[in-house]
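Right, one structure below, let's go through it.
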Amino acid sequence: MSPEPRHQALLSVRGLGVFRPGPGGEVAALRDIDLDLQPQECLGIVGESGCGKTQLLHALMGLQSGNVRLAGSVRFRGEELLGASAQRLALVRGRRLALVFQDALSALNPYLRIATQMTEGARAQLGLSRRAAWQRAATLLESLQIDAPARRLRQYPHELSGGMRQRVLIAMALMCEPDVLLLDEPTTALDVTVQAQVLAVLRELRARSGVAMIFVTHDLGVLAAIADRVAVMYAGRIVEQAAAAHLYATPRHPYTAGLLHSMPRLDTPLDTRLSTIPGQPPRSGATSTGCAFAPRCPLAHERCTQLPVLRCADNQFPANGTVACHYDGPAQGLREIWP
Ligand SMILES: Nc1ncnc2c1ncn2[C@@H]1O[C@H](COP(=O)(O)OP(=O)(O)OP(=O)(O)O)[C@@H](O)[C@H]1O
Ligand code: SF4
Ligand SMILES: [Mg+2]
Numbered sequence: 050m051s052p053e054p055r056h057q058a059l060l061s062v063r064g065l066g067v068f069r070p071g072p073g074g075e076v077a078a079l080r081d082i083d084l085d086l087q088p089q090e091c092l093g094i095v096g097e098s099g100c101g102k103t104q105l106l107h108a109l110m111g112l113q114s115g116n117v118r119l120a121g122s123v124r125f126r127g128e129e130l131l132g133a134s135a136q137r138l139a140l141v142r143g144r145r146l147a148l149v150f151q152d153a154l155s156a157l158n159p160y161l162r163i164a165t166q167m168t169e170g171a172r173a174q175l176g177l178s179r180r181a182a183w184q185r186a187a188t189l190l191e192s193l194q195i196d197a198p199a200r201r202l203r204q205y206p207h208e209l210s211g212g213m214r215q216r217v218l219i220a221m222a223l224m225c226e227p228d229v230l231l232l233d234e235p236t237t238a239l240d241v242t243v244q245a246q247v248l249a250v251l252r253e254l255r256a257r258s259g260v261a262m263i264f265v266t267h268d269l270g271v272l273a274a275i276a277d278r279v280a281v282m283y284a285g286r287i288v289e290q291a292a293a294a295h296l297y298a299t300p301r302h303p304y305t306a307g308l309l310h311s312m313p314r315l316d317t318p319l320d321t322r323l324s325t326i327p328g329q330p331p332r333s334g335a336t337s338t339g340c341a342f343a344p345r346c347p348l349a350h351e352r353c354t355q356l357p358v359l360r361c362a363d364n365q366f367p368a369n370g371t372v373a374c375h376y377d378g379p380a381q382g383l384r385e386i387w388p
């Protein structure tokens, strides 16, 4: 596999918006999303429940229902996917971009054996024989550290543990050797031991095959183990984006600082109550002309009634990421704002 030049993003998203009809007019589930995914990179996307993470992955895959309007641009290797024909999308989907759906149990059909579910797509997309597809499925399951793959292939989803079902979903997405794997909360429903196993398997897979990943979760702790870069979402927008190490060390958005502050740490005394970000995210469809985080933000001030746009988080070092916030004081100041 030959690495591609850094300037050519594998996936390039500009101004992506997802709008669905509501009782009082169109409701925006996502707005003004800009993202780039480089070859072999793992981009983490984090945010609270309902902020639009799943909507974003579905929009990248072109999996919207008919009454949903998409705006902006999603380019894969330079080719525009928004508005592409159904035939073209069907070719890209599964083969070049593959999605591991949220919720491993309901994403699998309970009435079909694992082998049928794993091989159907690859047989249709790649024209593989039943035997070749079965062999590929068994090899993938083995590479994801599932024991007795031949037996597992003959089983039904309910006969597998949660961790195995999650790995089956990952293997299924890899059947056509995609360039980009979109993972929607692949570790959320798993206990911490199995979670660590799935993360190790994904890291190993990436090192071996070079597949690029977008890893969605609500847990910054999980992303620390796998992401090169992290985008933080709030109320359907990206509010901060930076290299993972930089974002963890120097968050530039009060919401990111709050998420980090509410993460348990190894050196936290056992009797310490974990802190939370007070308040709730805005309900779906709520319209606000200013910063959507303002009702929960300890730094909210007059200017925050105007929408903050993404800007360089650090004027001297633009590579240090982008942030959508009117606060322009020292980054260290954000450490103290959460009790
Ligand atoms: N089919 C739909 N029709 C109307 N609204 C929807 C639909 N699907 C999602 N939404 C709304 O869009 C918003 C974003 O939902 P989404 O599922 O993308 O959130 P999420 O960040 O993935 O949350 P979670 O962490 O719980 O999976 C939510 O407010 C949700 O209620
Ligand atoms: S723009 Fe204002 S309200 Fe929004 S996060 Fe920044 S400081 Fe807080
Ligand atoms: Mg989701």
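Each residue of the sequence shown is one higher than the last, beginning at 50 in this note's numbering.
For glycine and all other residues, C-beta sits at the position ideal for the given N, C-alpha and C.
With a CB to CB cut of under 7 Å and the five nearest residues on each side skipped, what residues in its chain are close to residue i?
{"i": "residue 79", "result": "65, 66, 67, 101, 104, 105, 108 and 285"}
{"i": "residue 164", "result": "183, 186, 202 and 203"}
{"i": "residue 207", "result": "159"}
Can you tell which of the options has the C-alpha that lies nearest to the C-alpha of residue i?
{"i": "residue 255", "options": "193, 199, 368 and 83", "result": "193"}
{"i": "residue 368", "options": "278, 135, 214 and 59", "result": "278"}
{"i": "residue 110", "options": "88, 153, 305 and 62", "result": "62"}
{"i": "residue 98", "options": "71, 351, 266 and 310", "result": "266"}
{"i": "residue 323", "options": "384, 330, 309 and 332", "result": "309"}
{"i": "residue 330", "options": "70, 343 and 319", "result": "343"}
{"i": "residue 168", "options": "359, 160, 234 and 181", "result": "181"}
{"i": "residue 196", "options": "137, 213, 208 and 207", "result": "213"}
{"i": "residue 232", "options": "147, 191 and 238", "result": "147"}
{"i": "residue 71", "options": "336, 381, 348 and 370", "result": "336"}
{"i": "residue 89", "options": "57, 118, 115 and 116", "result": "57"}
{"i": "residue 119", "options": "140, 81, 92 and 139", "result": "81"}
{"i": "residue 382", "options": "348, 141 and 364", "result": "348"}
{"i": "residue 312", "options": "268, 115 and 243", "result": "268"}
{"i": "residue 380", "options": "295, 133 and 238", "result": "295"}
{"i": "residue 359", "options": "373, 191, 350 and 319", "result": "373"}
{"i": "residue 151", "options": "191, 176 and 211", "result": "211"}
{"i": "residue 155", "options": "115, 205, 175 and 127", "result": "205"}
{"i": "residue 287", "options": "209, 370 and 351", "result": "370"}
Looking only at its chain, what residues have a beta carbon closer than 6 Å to the beta carbon of residue i, apart from the 5 residues adjacent to it on each side?
{"i": "residue 223", "result": "189"}
{"i": "residue 353", "result": "339, 340, 343 and 375"}
{"i": "residue 84", "result": "62"}
{"i": "residue 93", "result": "264, 272, 276 and 279"}
{"i": "residue 378", "result": "none"}
Output yes or no for whether 8 Å exceeds the beta carbon distance between residue i and residue j.
{"i": "residue 113", "j": "residue 153", "result": "no"}
{"i": "residue 357", "j": "residue 340", "result": "yes"}
{"i": "residue 297", "j": "residue 273", "result": "yes"}
{"i": "residue 96", "j": "residue 283", "result": "yes"}
{"i": "residue 25", "j": "residue 302", "result": "Residue 25 cannot be examined here, being either before or after the span of the chain that is shown, 50 to 388."}
{"i": "residue 217", "j": "residue 157", "result": "yes"}
{"i": "residue 136", "j": "residue 221", "result": "no"}
{"i": "residue 139", "j": "residue 225", "result": "no"}
{"i": "residue 91", "j": "residue 276", "result": "yes"}
Between residue i and ligand 3, is there a pair consisting of the residue's CB and a ligand heavy atom that are separated by less than 7 Å?
{"i": "residue 97", "result": "no"}
{"i": "residue 236", "result": "no"}
{"i": "residue 83", "result": "no"}
{"i": "residue 215", "result": "no"}
Any heavy atom of ligand 2 inside 7 Å of the beta-carbon of residue i?
{"i": "residue 392", "result": "Lying before the first or after the last residue shown, residue 392 is absent from the chain, which here runs from 50 to 388."}
{"i": "residue 284", "result": "no"}
{"i": "residue 343", "result": "yes"}
{"i": "residue 107", "result": "no"}
From residue i to residue j, what distance separates their C-alpha atoms?
{"i": "residue 300", "j": "residue 76", "result": "30 Å"}
{"i": "residue 54", "j": "residue 86", "result": "A caution first: residue 54 carries a pLDDT of 45, below 50, which makes its placement in the model unreliable, though a value can still be read off. Whole-angstrom Cα-Cα distance: 12 Å."}
{"i": "residue 74", "j": "residue 240", "result": "42 Å"}
{"i": "residue 39", "j": "residue 173", "result": "Since the displayed the chain opens at 50 and closes at 388, residue 39 lies outside it and no answer follows."}
{"i": "residue 247", "j": "residue 236", "result": "7 Å"}
{"i": "residue 52", "j": "residue 179", "result": "Unreliable positioning characterises residue 52 in this predicted model, as indicated by a pLDDT of 43, which lies under 50. A coordinate reading is not provided."}
{"i": "residue 384", "j": "residue 307", "result": "9 Å"}
{"i": "residue 305", "j": "residue 289", "result": "8 Å"}
{"i": "residue 250", "j": "residue 327", "result": "35 Å"}
{"i": "residue 219", "j": "residue 143", "result": "12 Å"}
{"i": "residue 69", "j": "residue 117", "result": "5 Å"}
{"i": "residue 387", "j": "residue 325", "result": "9 Å"}
{"i": "residue 191", "j": "residue 199", "result": "9 Å"}
{"i": "residue 177", "j": "residue 227", "result": "16 Å"}
{"i": "residue 362", "j": "residue 319", "result": "35 Å"}
{"i": "residue 355", "j": "residue 366", "result": "26 Å"}
Can you list, in chain order, the residues of its chain whose CB lies under 8 Å from that of residue i, leaving out five sequence neighbours each side?
{"i": "residue 50", "result": "At residue 50, the pLDDT of 42 sits below 50, so the modelled position is not reliable; the number obtained from the coordinates is stated separately. For residue 50, where only same-chain residues beyond five positions count, the Cβ hits under 8 Å are 258 and 259."}
{"i": "residue 129", "result": "122 and 123"}
{"i": "residue 229", "result": "59, 60, 86, 125, 145, 146, 147, 260, 261, 262 and 263"}
{"i": "residue 133", "result": "111 and 141"}
Between residue i and ligand 1, is the CB less than 7 Å from at least one heavy atom?
{"i": "residue 207", "result": "no"}
{"i": "residue 305", "result": "no"}
{"i": "residue 242", "result": "no"}
{"i": "residue 104", "result": "yes"}
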